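Numbering (the UniProt record's numbering), first residue to last: 1 to 434. Heads up, the beta-carbon is just placed ideally off N, CA and C, and yes, glycines get one too. Owing to the predicted nature of the structure, the values given are computational and were not obtained by experimental measurement.
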């Protein structure tokens, strides 16, 4: 499969439009192809503008593109045709013209069997757009053949081109996150074909890349794979298979434990939601991480990146609460307890900031009356109450033992411990008084 360069992108009207530029030196061929290159690329770029796009459709460009896709043997001409259609599809209303052009959608689906990376990226983009439109059921019906679904998965699994991986997984994400009628048609056969294994294998590959070398162009791939897995884990009918995967759980825990998260912060937040979904489905995983202090540290360090995402913060606090619930402070040995205290104190600023954000949110009456905010308050309160309990147990135990025997040589800041305890108690009082 061609693994050459890919197109530069821009955004128009909230949907992705793509420019016609291509890496120099790639293009070459007959005078006919060169003419297509010159004039077709102009149309490709113009199609990003709604005004120009409408004019092009009214002048029967879809019929012209349809005819050229039928007969052209040039991959570059096909790419230009698909690029123009992809940009036209981004404009509200024009997607319906594509759907109503006889045979065009089925012809577009057939382009999945090409071997050119650029063409396949454009096809995946068009199909993803189609599945998000009002005619989504029509597009889904055109995709429901086993051969077509198998081909989509084959592309995602076998291409080496980062852009095509992103686009093909994006198409799968569009199916998983799509309206119920899309999922009912396409998710069951995809699961039968091994969708779960495919996504886990792709995640494993990206994690191996991430741990060896930070490659910025691969970050969007990691995120879209995680989004697809997370969406599947939240599905009522298909969550069990993916949530029971021990390999997947280990992968997302490893991601959560990364010390430098800034570059992949969005992926870590998505991983936090996925972990919460998995633990709610498969409680057997909880003992595996209940005393993994680097994992607990990773959860806290991810919270600031989820400051604008209420659901993600709730999910992360949910996992924290589940882990801390397993700690029986009065029975936990002093050395182990000291490690919990060290993790809590090293993240005390994060905890305090999150609780401060809570007070600001709670002062907003509209926010306070929403169900997610009530659920958020509940799981966070459980976690904070447990943190308060552990700090109290630590203080009691510390008074009865010498410093060295309590901490195992690790220094625990008394002032920091008191400050965090006071913060937790203020929060609990505010919740009880509300």
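Fewer than three pairs of CB atoms, one per stretch, sit closer than 8 Å, so the segment 319 to 326 makes no contact with the segment 392 to 399.
Taking the Cβ atoms as the reference, residue 105 lies roughly 7 Å from residue 139, within the contact range of under 8 Å.
The alpha carbon of residue 253 has as its nearest neighbour, out of 294, 220, 160, 237, the alpha carbon of 294. Judged by DSSP in its simplified three-state form, residue 196 adopts helix. Residue state for residue 17 is assigned as strand, using DSSP reduced to three classes. Excluding sequence positions up to five before and after residue 350, its CB lies within less than 8 Å of the CB of 300, 301, 303, 304, all in the same chain and listed in chain order. Taking 8 Å as the upper bound for CB-CB distance, residue 226 and residue 258 are not in contact here, some 13 Å apart. With a contact defined as Cβ atoms closer than 8 Å, residue 98 and residue 114 miss out at about 19 Å.
CA-to-CA, the gap between residue 355 and residue 243 works out to about 30 Å. Remark: three or more beta-carbon pairs, one from each stretch, lie closer than 8 Å, so the segment 211 to 230 and the segment 265 to 272 are flagged as touching. In the three-state reduction of the DSSP assignment, residue 96 falls in the helix class, which pools H, G and I. Cβ-Cβ distances below 6 Å link residue 40 to 80 in the same chain, with the five nearest sequence neighbours on each side left out; the list follows chain order.
In its own chain, leaving out the 5 sequence neighbours on each side, no residue places its CB closer than 7 Å to the CB of residue 422. From the listed residues 93, 77, 193, the smallest Cα separation to residue 118 is found for 77. For the pair residue 219 and residue 432, the Cα-to-Cα distance works out to about 42 Å. The beta carbon of residue 136 sits closer than 8 Å to the beta carbons of 130, 178, 179, 181, 182 from its chain, once the five residues preceding and following it are set aside; these are given in chain order. Boundaries cannot be given for residue 306, as no alpha helix (DSSP H) includes it and DSSP labels it neither H nor E.
Counting only the Cα atoms, residue 282 lies some 30 Å from residue 424. Note on geometry: alpha-carbon atoms of residue 100 and residue 124 lie some 19 Å from one another. Taking a 10 Å sphere around the C-beta of residue 111, we find 16 or more other C-beta atoms and assign the residue as buried. The beta carbons of residue 221 and residue 152 sit no closer together than 7 Å.
Residue 339 sits in a helix when the DSSP states are folded into three classes.
Residue burial annotation: residue 312 is buried, with at least 16 other C-beta atoms found within 10 angstroms of its C-beta.
Taking residue 63 as the centre and dropping the five residues before and after it, the same chain places the C-beta of 101 closer than 8 Å to its C-beta, in chain order.
DSSP places residue 414 within a helical segment (H, G or I) once states are collapsed to three. Residue 420 is positioned such that its CB atom lies no closer than 7 Å to that of residue 330. Within a 10 Å sphere around the beta-carbon of residue 128 sit 16 or more other beta-carbons, which makes this residue buried.
In this structure, residue 70 and residue 107 form a Cβ contact; the two beta carbons are roughly 7 Å apart against a cut-off of 8 Å. Residue 150 and residue 143 have their C-alpha atoms roughly 10 Å apart. With a contact defined as Cβ atoms closer than 8 Å, residue 196 and residue 241 qualify at about 5 Å.
Nearest to residue 337 by alpha-carbon distance, out of 378, 416, 391, 320, is 391. Comparing alpha carbon positions, the residue from 134, 357, 332, 277 closest to residue 310 is 357. Straight across, the Cα-Cα distance linking residue 267 with residue 173 is about 15 Å. Of the candidates 264, 72, 385, 385 places its Cα closest to the Cα of residue 430.
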